[in-house]
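K.L.:
Residue numbers (the UniProt record's numbering): 1 to 230.
For every residue, glycine included, the Cβ atom is placed at its ideal position computed from N, Cα and C.
Just so you know, these numbers come straight off a predicted model, no measurement behind them.
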Ligand code: ADP
Ligand code: MG
């Protein structure tokens with residue numbers, strides 16, 4: 001459902017991703033790992049067509065992103081839920097409004113919006129915080145609002161770029177649990193992170209990028225400890 005074919009990305013003359021070939025099937029949970037500056041965020045931005053590649057083809061669901069015109073982008077984005085390190089909530093809207101705002105793009109009936117937003121907020125354990133503003137929430141709560149907003153339209157693919165980067169380890173583990181629950185409900189989840197500690201403990205596919213190239217693509221369930229597979 002997602003395919004990168006010989007994808008390279010250059011900024012000016014600097015090659016940031018080089019000949020990336022990657023296929024992700026529907027329903028997979030994939031970690032994109034690698035050191036800071038490796039190209040993880042660039043790869044994520046290519047996925048939601050924030051960036052176009054310098055070379056190669058990118059398929060996401062039925063869309064060829066390299067042939068997609070600007071007016072096609074909203075149709076792509078409807079199938080994606082995107083979560084960022086810095087949450088990107090709208091500061092002047094309440095928790096409820098932040099999530100409802102994302103849904104109002106496609107759904108016009110207020111009763112349906114209300115029902116679905118409350119359902120997602122409940123799922124995220126946020127129902128009783130729905131009248132608060134982002135500034136009145138902890139980091140973990142803000143990220144749960146951002147996740148609620150990302151999944152309110154039931155996207156087939158959830159993409160997260162360092163979603164735990166601003167959170168303490170305990171809160172981060174809770175956020176990963178939420179992504180795992182979303183995955184169990186059927187979504188594809190793709191998460192860029194440089195938090196190896198979290199990744200190593202979870203049985204998911206790991207794609208490692210170093211200096212713009214894939215150096216490891218390790219299948220789900222392959223456990224390693226100090227280089228020993230077990
Ligand atoms: P990561 O997310 O793995 O830390 P990034 O994808 O953000 O890495 O960045 C990869 C490299 O591309 C870095 O060297 C970064 O400086 C460079 N880069 C990212 N975005 C741009 C841009 N818009 N213009 C120029 N260089 C960029
Ligand atoms: Mg990054």
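Mind checking which residues open and close the alpha helix (DSSP H) that includes residue 143?
P.N.:
On the chain shown, position 143 is the one that residue 143 refers to. From DSSP, the alpha helix (DSSP H) with residue 143 extends over 139-151.
K.L.:
With three or more C-beta pairs closer than 8 Å as the rule, is the region 129-146 touching the region 51-68?
P.N.:
The region 51-68 vs the region 129-146: no contact.
K.L.:
Tell me the residue span of the beta strand (DSSP E) that contains residue 11.
P.N.:
Position 11 of the chain shown, counting from 1, holds the residue named residue 11. Residue 11 -> beta strand (DSSP E) spans 2-11.
K.L.:
How far does the beta strand (DSSP E) with residue 15 in it reach, from first residue to last?
P.N.:
Within the chain shown, the letter at position 15 stands for residue 15. Counting along the chain, the beta strand (DSSP E) containing residue 15 begins and ends at 14-24.
K.L.:
With contact counted as at least three CB pairs below 8 Å, one residue from each stretch, are the region 25-36 and the region 192-202 in contact?
P.N.:
Because the criterion of three Cβ pairs below 8 Å is met, the region 25-36 and the region 192-202 touch.
K.L.:
Taking the alpha-carbon of residue 47 as reference, which of 85, 5, 86 and 164 has the nearest alpha-carbon?
P.N.:
Locating residue 47 in the chain shown gives position 47, where the first residue counts as 1. Measuring from the Cα of residue 47, the nearest candidate turns out to be 5.
K.L.:
If contact is defined by three or more beta carbon pairs under 8 Å, each pair taking one atom from either stretch, is the region 89-101 in contact with the region 167-178?
P.N.:
With a cut-off of 8 Å, the region 89-101 and the region 167-178 do not count as touching, because too few Cβ pairs lie within range.
K.L.:
Run through the region 70-134 for me and flag every whole alpha helix (DSSP H) of 4 or more residues, listed as ranges in chain order.
P.N.:
Listed in chain order, the complete alpha helix (DSSP H) runs (minimum 4 residues) inside the region 70-134 are 73-77, 95-103 and 110-123.
K.L.:
Who does residue 31 pair with in a DSSP beta bridge?
P.N.:
The residue given as residue 31 occupies position 31 in the chain shown. Answer is 191 and 206, bridged to residue 31.
K.L.:
Which of the three DSSP states, helix, strand or coil, is assigned to residue 219?
P.N.:
Reading the chain shown from its first residue, position 219 is the one you call residue 219. Reduced to three states, the DSSP call for residue 219 is coil.
K.L.:
Looking at the structure shown, is residue 56 part of a helix, part of a strand, or coil, going by DSSP?
P.N.:
As a working mapping, residue 56 is identified with position 56 in the chain shown. In the structure shown, residue 56 sits in a strand (DSSP, three-state: E or B).
K.L.:
Strictly by DSSP, which residues pair up with residue 63?
P.N.:
Here the question's residue 63 lines up with position 63 in the chain shown. According to DSSP, which records beta bridges pairwise, residue 63 is partnered with 60.
K.L.:
Just to confirm the assignment, what range does the beta strand (DSSP E) spanning residue 160 have?
P.N.:
The residue you call residue 160 lines up with position 160 of the chain shown. Counting along the chain, the beta strand (DSSP E) containing residue 160 begins and ends at 157-161.
K.L.:
Mark residue 161 as exposed unless 16 or more other C-beta atoms lie within 10 angstroms of its C-beta, in which case mark it buried.
P.N.:
Within the chain shown, residue 161 is the residue found at index 161, counting from 1. Residue 161 should be labelled buried.
K.L.:
Please list, in chain order, all residues of the same chain as residue 226 whose beta carbon is under 7 Å from its beta carbon, the five residues on each side excluded.
P.N.:
Reading the chain shown from its first residue, position 226 is the one you call residue 226. Unreliable positioning characterises residue 226 in this predicted model, as indicated by a pLDDT of 49, which lies under 50. A coordinate reading is not provided.
K.L.:
Given a cut-off of 9 Å, decide if residue 22 and residue 45 are closer than it, judged by their beta-carbon atoms.
P.N.:
Residue 45 sits at position 45 when you count from the first residue of the chain shown. Residue 22 sits at position 22 when you count from the first residue of the chain shown. Contact: no.
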